[in-house]
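Engineer: Here it is, the structure in full.
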Amino acid sequence: MGTSTTFNGDGGRSNIYALGAATKIDNLSLRFGYAHQNVKDLSSGTSAQAASNFSRYAAVDRNTSTVGTAGYEIKHRFNFTLVYSQEFFAGYDSTFTLYGERRSGRPYSWTVGPGSAFGDNGSNGGGDDRNGYLPYIPTGPNDPNVRYTGNFGWDNFVAAGLDKYAGQIMPRNSETGRYTNSLDFKFEQQIPGFMEGHKGSVYLEIKNLLNLIDSSAGRAWETEFPGYQRIANVAYDAANNQYVYSAPTARLSEPQQFRNVESAWRLKLGVSYKF
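The sequence shown begins at 2 in this note's numbering and counts up by one.
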């Protein structure tokens, strides 16, 4: 039975900047916002159990955590709100609201595995394909530190855009998920109440207006647990001091989960009554 112990570490930080602007022109109100996150951590806390937090994140040395981009960082977020209000009927407001947002995806890592190549054993998931280690990226097809087998080679690293890290271990969470765009609309019309001092309204809300206009738009994606994708299987040849890379057999797909509910347009009709 293995034992996992976790400790606090140093080096994490969070820098978050936000800007906003607003103006009003007659019956039209405009508001714009932008938020930028630059967040570093040792481990992003992927699970409720210590054992999973220890093994389910991309690492170089699982016993010595290093600072990297946080898994929950949203690097860029833009939003705007447009509100137009007019009394088409005296004493009763007609209000049109449009809210839009564009945000960057969450980070993820390319990894190699299984962990047995890096000294993991059965008690800490050495044979578990869910473990992920940050790869050494060769300097090219003839790097003496690396040997390729099967149908895997240097071109696979180039195709993934990882040649920019040639000759080094690539950073954690260096990749970023897809941007998500959303646009919501609401129309609300005030109506008379049944008694003096009462007032009601009817409203129409459309969530994800982009998807209503174009079924291929307004789609939402999310980096799912544990936030990494395997670029290659790896073994270690101790006699020749080489990594042996071969085609991956686990975690092959980009860790971007399609959010079908958030991606679909929704329409809501309602009545509100205040007294």
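Where a beta carbon is used, it is the ideal one built from N, C-alpha and C, also for glycine. Model, not experiment: these values are computed from the prediction.
#1: Among Tyr149, Glu176, Gly34 and Val113, which one has its Cα closest to the Cα of glycine 101?
#2: Measure the alpha-carbon distance for arginine 57 versus glutamate 255 and round it to whole angstroms.
#3: Would you call the region 133-140 and the region 153-165 in contact, with 3 or more CB pairs under 8 Å?
#4: So, for glutamate 223: in the same chain, excluding its five sequence neighbours on each side, which residues have a beta-carbon less than 8 Å away from its beta-carbon?
#5: Kindly indicate which residue of Val245, Ile214 and Gly116 has the alpha-carbon position closest to the one of aspartate 144.
#6: Give the DSSP-derived three-state secondary structure of tryptophan 155 in the structure shown.
#7: Report all residues from its chain with a CB closer than 6 Å to the CB of asparagine 80; omit the five preceding and five following residues, and keep chain order.
#8: Where does aspartate 238 sit, in a helix, a strand or coil, going by DSSP?
#9: So, under 8 Å CB-CB, leucine 43 and glycine 92 are touching, yes? Tell me the CB distance rounded to an integer number of Å.
#10: Roughly how many angstroms separate the alpha carbons of alanine 118 and tyrosine 237, rounded to a whole number?
#11: Assign alanine 221 to one of two classes, buried (16 or more other C-beta atoms within 10 Å of its C-beta) or exposed (fewer than that).
#12: Can you tell me which of Gln191, Ala248, Phe276 and Ile207 puts its alpha carbon nearest to the alpha carbon of histidine 199?
#13: Below 8 Å, how does it come out for the region 163-170 and the region 63-77: are there three or more Cβ pairs, yes or no?
#14: How should glutamate 176 be labelled, buried or exposed, when 16 other C-beta atoms within 10 angstroms of its C-beta is the threshold for buried?
#15: Measure the CB-CB distance between isoleucine 17 and glutamine 38 and report whether it falls below 8 Å.
#16: Classify phenylalanine 119 as helix, strand or coil using the three-state DSSP reduction.
#17: Who are the near neighbours of threonine 82 in its chain, counting only those whose CB is closer than 6 Å to its CB and skipping five residues on each side?
#18: Hey, could you find the ends of the alpha helix (DSSP H) serine 264 is sitting in?
#19: Just to confirm before moving on: does the CB-CB distance between threonine 67 and valine 61 stay below 8 Å?
#20: The beta strand (DSSP E) spanning leucine 83 covers which residue range?
Structural biologist: Put simply:
#1: Locating residue 101 in the sequence shown gives position 100, counting from the first residue. If we check each option's Cα against that of glycine 101, Gly34 comes out closest.
#2: As a working mapping, residue 57 is identified with position 56 in the sequence shown. As a working mapping, residue 255 is identified with position 254 in the sequence shown. Spanning the two alpha carbons is a distance of roughly 16 Å.
#3: yes
#4: Indexing the sequence shown from 1 puts residue 223 at position 222. Correct list, in chain order: Gly106, Arg107, Gly178, Gln257, Gln258 and Arg260.
#5: By one-based count along the sequence shown, residue 144 stands at place 143. If we check each option's Cα against that of aspartate 144, Val245 comes out closest.
#6: Counting from one through the sequence shown, the residue named residue 155 turns up at place 154. The answer is helix: DSSP assigns tryptophan 155 an H, G or I state.
#7: Translated into the one-based positions of the sequence shown, residue 80 becomes position 79. The answer, listed in chain order, is Gly34 and Glu102.
#8: Residue mapping note: residue 238 aligns to position 237 of the sequence shown, counting from 1. Residue state, collapsed to three classes: strand.
#9: Reading the sequence shown from its first residue, position 42 is the one you call residue 43. Reading the sequence shown from its first residue, position 91 is the one you call residue 92. 60 Å between Cβ atoms; not a contact.
#10: Walking along the sequence shown from the start, residue 118 turns up at place 117. Walking along the sequence shown from the start, residue 237 turns up at place 236. Alanine 118 and tyrosine 237: Cα-Cα distance of roughly 6 Å.
#11: Within the sequence shown, numbered from 1, the residue matching residue 221 stands at position 220. Result: buried.
#12: The count along the sequence shown starts at 1 and reaches residue 199 at position 198. For histidine 199, the nearest C-alpha among the options comes from Phe276.
#13: no
#14: Position 175 of the sequence shown, counted from the start, is the residue given in the question as residue 176. Looking at its Cβ environment, which holds 16 or more other Cβ atoms inside 10 Å, glutamate 176 is buried.
#15: Taking the first residue of the sequence shown as position 1, residue 17 is located at position 16. Taking the first residue of the sequence shown as position 1, residue 38 is located at position 37. For isoleucine 17 and glutamine 38, yes; Cβs fall inside 8 Å.
#16: In the sequence shown, the residue the question calls residue 119 occupies position 118. Three-state result, phenylalanine 119: helix.
#17: For the purposes of this step, residue 82 is identified with residue 81 of the sequence shown, where counting begins at 1. So the qualifying residues of the chain are Arg32 and Tyr100.
#18: Reading the sequence shown from its first residue, position 263 is the one you call residue 264. Residues 261-264.
#19: Numbered from its first residue, the sequence shown carries residue 67 at position 66. Numbered from its first residue, the sequence shown carries residue 61 at position 60. In contact: threonine 67 and valine 61 (Cβ atoms closer than 8 Å).
#20: Taking the sequence shown and counting its residues from 1, the one referred to as residue 83 is at position 82. Looking at the DSSP string, the run of the beta strand (DSSP E) that includes leucine 83 is 77-90.
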